[in-house]
Amino acid sequence: MTSAEIHDVVIVGGGTAGAVLAARLTENADRTVCLIEAGPSDLGDDRVLRLRNWINLLGTELDYDYPTTPQPRGNSNIRHSRARVLGGCSSHNTMISFLPQPADFADWEAAGAAGWGYEAMLPHYRRLRNTIAPVAEKDRNPIAKDFVTAVSTALGIAEIEDFNAEPFDEGVGFFSVGYDPETGIRSSSSVAYLHPVLDRPNLTLHLETWVEKLSVADGRATGVRVRRPDGSVEFVEAREEVVLCAGSIDTPRLLLLSGIGPADQLRELGIEVVADVPGVGENLLDHPESIIIWETKAPLPPESAMDSDAGLFVRRDAGDPRPDLMFHFYQIPFCENTAPLGYPVPEHGVCMTPNIPRPHSRGRLYLTSADPAVKPALDFRYFTDPDDYDARTLVDGIRLAREVARTAPLSDWLLREVAPGPDVTGDEELSEYARRAAFTVFHPAGTCRMGAADDGLAVVDPELRLRGVAGVRIADASVFPSMPTVNPMVAVLMIGEKAATLIAKE
Ligand SMILES: Cc1cc2nc3c(=O)[nH]c(=O)nc-3n(C[C@H](O)[C@H](O)[C@H](O)COP(=O)(O)OP(=O)(O)OC[C@H]3O[C@@H](n4cnc5c(N)ncnc54)[C@H](O)[C@@H]3O)c2cc1C
């Protein structure tokens, strides 16, 4: 294996956080940065750039498409979409953009992430280069407007014009979205951060290049072993540090394959232990959701930013300042998880997808083989929390959704409830349905969580430095100590910004 290149900083993964980091670190012309991305460029690729096309990217060659392990209390057929393209998941997601709530960051601090409180994080939010604004008036579909009105009438919840203007406990309205309403182009981390700086001489970008292993000598990372598109294997050396931004599934996977993780698991698989870091792969978080679908009386008008433009936050627990139940309102009948259960697939329809903002169940990611081609096992342990909080939240959500659907003007559009159907009303049967038809909001996180030095399961410290091996940081959704109440992409972008300031300080 040849040592092909040497750079000051090597970033693994040109995704949501990795693109931010590469752009920020190369503002210093004296620092050389190599960004290594497994997927192709998004430049000029309309499939990726057109926000509303996101749903057509699921399961394509731009999606790693991770299965879950069997989920005895949930849906075992959930596929976890993860993007294989520059910009990462910000290049194929719905770009719903929420600043996390103050109490979300307070939870992180309480979990040992000193310096990650709300006030300290706000400057990183203000620095974001993405174009983020509430869905434009021209993209607001009449049925989504009527959903907002019906929620206010049925539940007495006020409309919020801009969810990012200030913290909220409840609210209904159109989401803030990262896109250009004139063109429909997404404001991904690649578009907002990388495209304008691709010609910087101190930035080297390798596309379609898979990082196979982190190389460590005498307890310090020296660089990474990569596989180029032509199959050749090379070593890319890091003079200062390696930053892992491969996301909450591929960052722990890479660490485990490099011998960094729970020693017992590694030994069982015949992987040489480089550092015993028991927390790698633990604390697998997600936002699970369920779904209630209606057939509409007629096809819907065409307006939309990305078919899930509005939503609702409900607070049931008065003891916490944050909402604890969220809905997306889809202007399409999303039947992927109900059709296999035998429910009808209407030609035109809408759905509400209640989700659990702060679920109690925790899962685990682990390897089943030392073969790097074998995907890691993702055991989310959906709905396994002993007090059954997670399933009860979805049952509450379905009941509230029905109240909204019964209320004008939304009710005027709806022909019939097709899943689970009006006859399913009891707690037990609603819970059974909600869990069997459950899906993911696509928010896996937490598998290399940040924490204090005395926390045995923390994988990185509050400066994002990997425990047990010097010269490595992690900056992506895997470092979340706990799940933010809201959709997490903005938190990930902020992690990219904060990582850049931490590295620049040194
Ligand atoms: C379909 C979908 C819709 C979503 N919608 C929203 C939304 O509307 N709002 C929201 O807040 N969140 C949303 N999310 C979640 C959000 O997009 C992610 O939480 C966030 O983007 C994750 O960022 P990341 O930097 O951790 O990882 P990613 O953005 O996934 O970046 C990881 C990058 O690393 C690369 N990589 C991985 N392994 C290697 C390797 N070994 N070598 C080289 N490169 C590698 C990948 O190709 C990828 O580009 C959605 C996610 C999906 C999938």
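One gets this note's numbering by counting positions in the sequence shown from 1 and adding 223 to each.
Backbone N, C-alpha and C define an ideal beta-carbon position, used for all residues, glycine too.
Open item on the list: To the nearest angstrom, how far is the alpha carbon of Asp-635 from that of Asp-369?
Closed with: To locate residue 635, count along the sequence shown from 1; it is residue 412. To locate residue 369, count along the sequence shown from 1; it is residue 146. In this structure, the CA atom of Asp-635 is about 9 angstroms from the CA atom of Asp-369.
TODO: Could you say which of Ser-584, Pro-295, Ala-668, Gly-679 lies nearest to Pro-609 if we only look at CA atoms?
DONE: As a first step, residue 609 must be located in the sequence shown, where it is residue number 386. For the residues Ser-584, Pro-295, Ala-668, Gly-679, the minimum Cα distance to Pro-609 belongs to Ser-584.
Task: Nearest neighbour of Pro-563, chosen from Tyr-656, Phe-536, Pro-524 [CA to CA] - done: Taking the first residue of the sequence shown as position 1, residue 563 is located at position 340. The shortest C-alpha separation from Pro-563 is found at Tyr-656.
Task: Selection from Arg-604, Pro-643, Ala-600 that minimises the alpha carbon distance to Ile-621 - done: In the sequence shown, the residue the question calls residue 621 occupies position 398. For Ile-621, the nearest C-alpha among the options comes from Pro-643.
Open item on the list: Per DSSP, what are the beta-bridge partners of Pro-577 in this structure?
Closed with: The residue labelled residue 577 in the question sits at position 354 within the sequence shown. Paired residues: Phe-550.
Open item on the list: At a cut-off of 7 angstroms, would you count Leu-281 as near ligand 1, judging by its Cβ distance to the nearest heavy atom?
Closed with: Numbered from 1 along the sequence shown, position 58 holds the residue referred to as residue 281. Because some heavy atom of ligand 1 lies under 7 angstroms away, the Cβ of Leu-281 counts as near it: yes.
- [ ] Count the C-beta pairs between the region 560 to 580 and the region 452 to 470 that are closer than 8 angstroms, then say yes if the count reaches three, no if not.
- [x] no
TODO: Tell me whether Asn-710 counts as near ligand 1, meaning its Cβ is closer than 7 angstroms to at least one heavy atom of that ligand.
DONE: Numbered from 1 along the sequence shown, position 487 holds the residue referred to as residue 710. Checking the Cβ of Asn-710 against ligand 1 gives yes.
- [ ] Taking all protein chains shown into account, decide if Val-597 is buried (16 or more other Cβ within 10 angstroms of its Cβ) or exposed.
- [x] To locate residue 597, count along the sequence shown from 1; it is residue 374. Answer is exposed; the Cβ neighbour count stays below 16.
Open item on the list: Does Lys-721 pass the burial test, meaning 16 or more other C-beta atoms within 10 Å, or should it be called exposed?
Closed with: As a first step, residue 721 must be located in the sequence shown, where it is residue number 498. Counting Cβ neighbours within 10 Å, Lys-721 comes out buried, since at least 16 surround it.
Task: Whether Asn-364 touches Leu-523 by CB criterion (8 angstroms) - done: By one-based count along the sequence shown, residue 364 stands at place 141. By one-based count along the sequence shown, residue 523 stands at place 300. Asn-364 is a Cβ neighbour of Leu-523, given a cutoff of 8 angstroms.
TODO: Going by CA-CA distance only, name the one from Gly-338, Arg-672, Thr-663 that's closest to Tyr-289.
DONE: Indexing the sequence shown from 1 puts residue 289 at position 66. Nearest of Gly-338, Arg-672, Thr-663 to Tyr-289, Cα basis: Thr-663.
Task: Cα-Cα separation between Gly-407 and Leu-274, rounded to whole angstroms - done: Residue 407 sits at position 184 when you count from the first residue of the sequence shown. Residue 274 sits at position 51 when you count from the first residue of the sequence shown. Looking at the two C-alpha atoms, the distance is approximately 6 angstroms.
Open item on the list: Quick check for students: name the residue ranges of the alpha helix (DSSP H) that lie wholly in the region 354 to 390, counting only runs of 4 or more.
Closed with: Taken in chain order, the complete alpha helix (DSSP H) segments of 4 or more residues contained in the region 354 to 390 are 365 to 378.
Open item on the list: Per the DSSP calculation, Asp-286 is bridged to which residue(s)?
Closed with: Position 63 of the sequence shown holds residue 286. By DSSP's assignment, Asp-286 forms a beta bridge with Ala-306.
- [ ] Report back the beta-carbon spacing between Glu-431 and Ile-515 to the nearest angstrom; my notes put them in contact at under 8 angstroms.
- [x] Mapped onto the sequence shown, residue 431 falls at position 208. Mapped onto the sequence shown, residue 515 falls at position 292. Wrong, their Cβ atoms sit about 41 angstroms apart, outside the cutoff.
Open item on the list: Which complete beta strand (DSSP E) runs does the region 473 to 548 hold, if anything under 3 residues is left out?
Closed with: Contiguous beta strand (DSSP E) elements confined to the region 473 to 548 occur at 515 to 519, 533 to 537, taking only those with 3 or more residues.
Open item on the list: With three or more C-beta pairs closer than 8 angstroms as the rule, is the region 471 to 486 touching the region 431 to 450?
Closed with: yes
- [ ] Leaving out five residues on either side along the sequence, give the residues of the same chain with a beta carbon under 6 angstroms from the beta carbon of Arg-350.
- [x] Working through the sequence shown from its first residue, we reach residue 350 at position 127. Result list for Arg-350: Glu-720, in chain order.
Task: Among His-230, Gly-262, Pro-293, Ser-471, the one whose alpha carbon lies nearest that of Thr-670 - done: Residue mapping note: residue 670 aligns to position 447 of the sequence shown, counting from 1. Of the candidates His-230, Gly-262, Pro-293, Ser-471, the one whose C-alpha sits nearest the C-alpha of Thr-670 is Ser-471.
Task: Own chain residues within Cβ distance below 7 angstroms of Asp-619, not counting five before or after - done: Taking the first residue of the sequence shown as position 1, residue 619 is located at position 396. Excluding positions up to five away in sequence, the list reads Arg-539, Leu-548.
TODO: Using a threshold of 8 angstroms, state whether the C-beta atoms of Phe-550 and Thr-576 are closer than that.
DONE: Here residue 550 refers to the residue found at position 327 when the sequence shown is read from its first residue. Here residue 576 refers to the residue found at position 353 when the sequence shown is read from its first residue. Taking 8 angstroms as the Cβ cut-off, Phe-550 and Thr-576 qualify as a contacting pair.
TODO: Thinking Leu-601 and Thr-283 are a contact (beta carbons under 8 angstroms), I'd like their distance in whole angstroms, please.
DONE: Within the sequence shown, residue 601 is the residue found at index 378, counting from 1. Within the sequence shown, residue 283 is the residue found at index 60, counting from 1. In fact, because the Cβ distance is near 20 angstroms, the residues do not count as touching under 8 angstroms.
Task: Outcome for Gly-379 when other beta-carbon atoms lying within 10 angstroms are tallied against a minimum of 16 - done: By 1-based counting over the sequence shown, the position of residue 379 is 156. By the 10 Å Cβ count, Gly-379 comes out exposed.
Task: Enclosing alpha helix (DSSP H) for Val-243 [first to last residue] - done: To locate residue 243, count along the sequence shown from 1; it is residue 20. Per DSSP, Val-243 is one residue of the alpha helix (DSSP H) stretching across 239 to 248.
Task: Same chain only: Cβ atoms within 8 angstroms of Val-647, ignoring 5 sequence neighbours per side - done: Taking the sequence shown and counting its residues from 1, the one referred to as residue 647 is at position 424. Cβ neighbours of Val-647 within its own chain (closer than 8 angstroms, five residues either side excluded): Leu-653, Tyr-656.
Open item on the list: Using only the alpha-carbon positions, how far apart do Asp-422 and Gly-237 sit?
Closed with: Taking the first residue of the sequence shown as position 1, residue 422 is located at position 199. Taking the first residue of the sequence shown as position 1, residue 237 is located at position 14. About 16 angstroms.
- [ ] Report whether the distance from the Cβ of His-347 to the nearest heavy atom of ligand 1 is below 7 angstroms.
- [x] The count along the sequence shown starts at 1 and reaches residue 347 at position 124. Outside the cutoff, so no.
TODO: With DSSP collapsed to three states, give me the class of Leu-426.
DONE: Taking the sequence shown and counting its residues from 1, one reaches residue 426 at position 203. In this structure, Leu-426 counts as strand in the three-state DSSP scheme.
Open item on the list: Please classify Thr-561 as buried or exposed, where buried requires at least 16 neighbouring CB atoms within 10 angstroms.
Closed with: Position 338 of the sequence shown, counted from the first residue, corresponds to residue 561. Answer is buried; the Cβ neighbour count reaches 16.
Open item on the list: Tell me the residue span of the alpha helix (DSSP H) that contains Trp-331.
Closed with: By one-based count along the sequence shown, residue 331 stands at place 108. Run containing Trp-331: 325 to 333, per the alpha helix (DSSP H) assignment.
TODO: Closer than 7 angstroms by C-beta to Pro-546: which residues in its own chain qualify, once you throw out the five before and the five after it? Chain order, please.
DONE: As a first step, residue 546 is located in the sequence shown; it is residue number 323 there, counting from the start. Cβ within range, chain order: Asp-392, Glu-393, Phe-536, Val-537, Arg-538, Pro-580, Thr-708.
Open item on the list: Checking the sheet assignment: what are the DSSP bridge partners for Gly-396?
Closed with: Translated into positions along the sequence shown, residue 396 becomes position 173. Its beta-bridge partners are Gly-534.
TODO: Indicate, with yes or no, if ligand 1 has a heavy atom lying under 7 angstroms from the CB of Trp-331.
DONE: Taking the first residue of the sequence shown as 1, we reach residue 331 at position 108. No, since every heavy atom of ligand 1 falls outside the 7 angstroms radius drawn around the Cβ of Trp-331.
Task: CB contact flag (Leu-309, Tyr-348, <8 angstroms) - done: Along the sequence shown, read from residue 1 onward, the residue named residue 309 stands at position 86. Along the sequence shown, read from residue 1 onward, the residue named residue 348 stands at position 125. Their beta carbons are not under 8 angstroms apart, which means Leu-309 does not touch Tyr-348 by this criterion.
- [ ] Specify, as a first and last residue, the run of the alpha helix (DSSP H) that Arg-615 falls within.
- [x] Translated into positions along the sequence shown, residue 615 becomes position 392. Arg-615 -> alpha helix (DSSP H) spans 612 to 628.
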